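Report on the following structure.
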Amino acid sequence: MQIVDFTEKYVADAQTLVMENYQEERQHVNSLPEIREIPRLCELAGDGLSVAAVENDRLMGFWGCMGPWENEFGSNARGMFTPIHFHGAVRENRENIYRRMYQSLAERLVRQGIAYHTVALYAHDFSAVQGLFTCGFGMRCVDAVRTLDEITVTGESAQGITCREIGRADFPRIRKLRAGLGEHLGKSPCFIKMSDADLESWQQRKESGGVRVFAAWQEEEPVAYLEITKDGENFVTEVPEMQNICGAYCRPADRGQNIMQMLLNHVITVLKEEGCSRLGVDYESLNLSAWGFWKKYFDAYTYSLTRRIVESACGNPKSPQ
Numbered sequence: 022m023q024i025v026d027f028t029e030k031y032v033a034d035a036q037t038l039v040m041e042n043y044q045e046e047r048q049h050v051n052s053l054p055e056i057r058e059i060p061r062l063c064e065l066a067g068d069g070l071s072v073a074a075v076e077n078d079r080l081m082g083f084w085g086c087m088g089p090w091e092n093e094f095g096s097n098a099r100g101m102f103t104p105i106h107f108h109g110a111v112r113e114n115r116e117n118i119y120r121r122m123y124q125s126l127a128e129r130l131v132r133q134g135i136a137y138h139t140v141a142l143y144a145h146d147f148s149a150v151q152g153l154f155t156c157g158f159g160m161r162c163v164d165a166v167r168t169l170d171e172i173t174v175t176g177e178s179a180q181g182i183t184c185r186e187i188g189r190a191d192f193p194r195i196r197k198l199r200a201g202l203g204e205h206l207g208k209s210p211c212f213i214k215m216s217d218a219d220l221e222s223w224q225q226r227k228e229s230g231g232v233r234v235f236a237a238w239q240e241e242e243p244v245a246y247l248e249i250t251k252d253g254e255n256f257v258t259e260v261p262e263m264q265n266i267c268g269a270y271c272r273p274a275d276r277g278q279n280i281m282q283m284l285l286n287h288v289i290t291v292l293k294e295e296g297c298s299r300l301g302v303d304y305e306s307l308n309l310s311a312w313g314f315w316k317k318y319f320d321a322y323t324y325s326l327t328r329r330i331v332e333s334a335c336g337n338p339k340s341p342q
């Protein structure tokens, strides 16, 4: 098996691999939608980074990337990201194919000073996941999905809770909740820290439009919220019948009372009445509260793995932060 540049002649076979790999994941996650068309891969051909694994003129695998970007994950490092449709491999010997492809790709990335390497893999593609674990990757994010069946709520629930969608005029009323989420993400083990200026900028972007906000209220005080958007983090989320959660938070003092479950059920009812059939969510696996909550009610279908190379090894080294 040879690792070569990804060129135009591999595009059609790569599209086939992407579809085959997606269908494999659908065998494990029944709530994933049917996809008839995969995004085109022509942009990867001849970009100088993307690689192909070839054996006897047969495409065994390919790996491309988006980027690079500066200050990845708030660091001083350059980074790149590979979404789930920018890579794929045949079933046989898949673990080794990914290791070999990454060995070649990583050399190219480091030569360009790209120290943060992130890739989204299907959650049940154990061969690919194991192959990258052995190359120093660790999990950071999760994509999950569910059909719009009502959630079964067990245990005692808070009294006097009402759930409703709020308009833009009421967005300032959930500012404290959004700030609470920002503070929570800055704590261990997430350490996704935002300065006051970063938090204000983030709040303003949220309030500028593009999201729907649902809140749970107790005596006219918002205690939890969910944000919904049409597009998510990968091509699966772009099907017409799917909506995606892009933010959620419940006040710590109000947790353990099924408030978020009630709010989620309200959102499910509204979206179902609007003709939707699926709801997605993406969250940080290192956010232990999110990890504990979402995996109860959603089926994980991707894991995003990341690795950071010591910048002194890069062709354009930068001081680590």
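For the working numbering, count along the sequence shown from 1 and bump the result up by 21. All C-beta atoms in this analysis are idealised placements derived from N, C-alpha and C, irrespective of residue type, glycine included. Remember, predicted model here, so these are calculated numbers, not experimental data.
- In this model, leucine 65 and glutamate 248 are separated by some 33 Å (Cα to Cα).
- Annotation for aspartate 320: Val50, Ser52, Ala165, Val166 and Arg167 place their beta carbon closer than 7 Å to its own, counting only its chain and skipping 5 residues before and after.
- Per the coordinates, the alpha-carbon of isoleucine 59 lies some 10 Å from the alpha-carbon of alanine 35.
- For the pair leucine 38 and glycine 82, the Cα-to-Cα distance works out to about 8 Å.
- For the 8 Å CB-CB criterion, phenylalanine 27 and glycine 109 do not form a contact.
- Per DSSP, reduced to three states, the secondary structure at glutamate 242 is strand.
- For the 8 Å CB-CB criterion, lysine 293 and leucine 169 form a contact.
- In the structure shown, glycine 95 adopts helical secondary structure according to DSSP, grouped into three states.
- The secondary-structure analysis by DSSP pairs glutamate 305 across a beta bridge with Cys162.
- DSSP places alanine 74 in the uninterrupted beta strand (DSSP E) bounded by 72–76.
- Judged by DSSP in its simplified three-state form, isoleucine 172 adopts coil rather than helix or strand.
- For asparagine 265, the uninterrupted beta strand (DSSP E) segment begins and ends at 263–271.
- Taking C-beta atoms as the reference points, alanine 144 and tyrosine 324 count as a pair closer than 8 Å.
- For the 8 Å CB-CB criterion, glycine 152 and threonine 327 do not form a contact.
- Alanine 245 is positioned such that its CB atom lies no closer than 8 Å to that of arginine 226.
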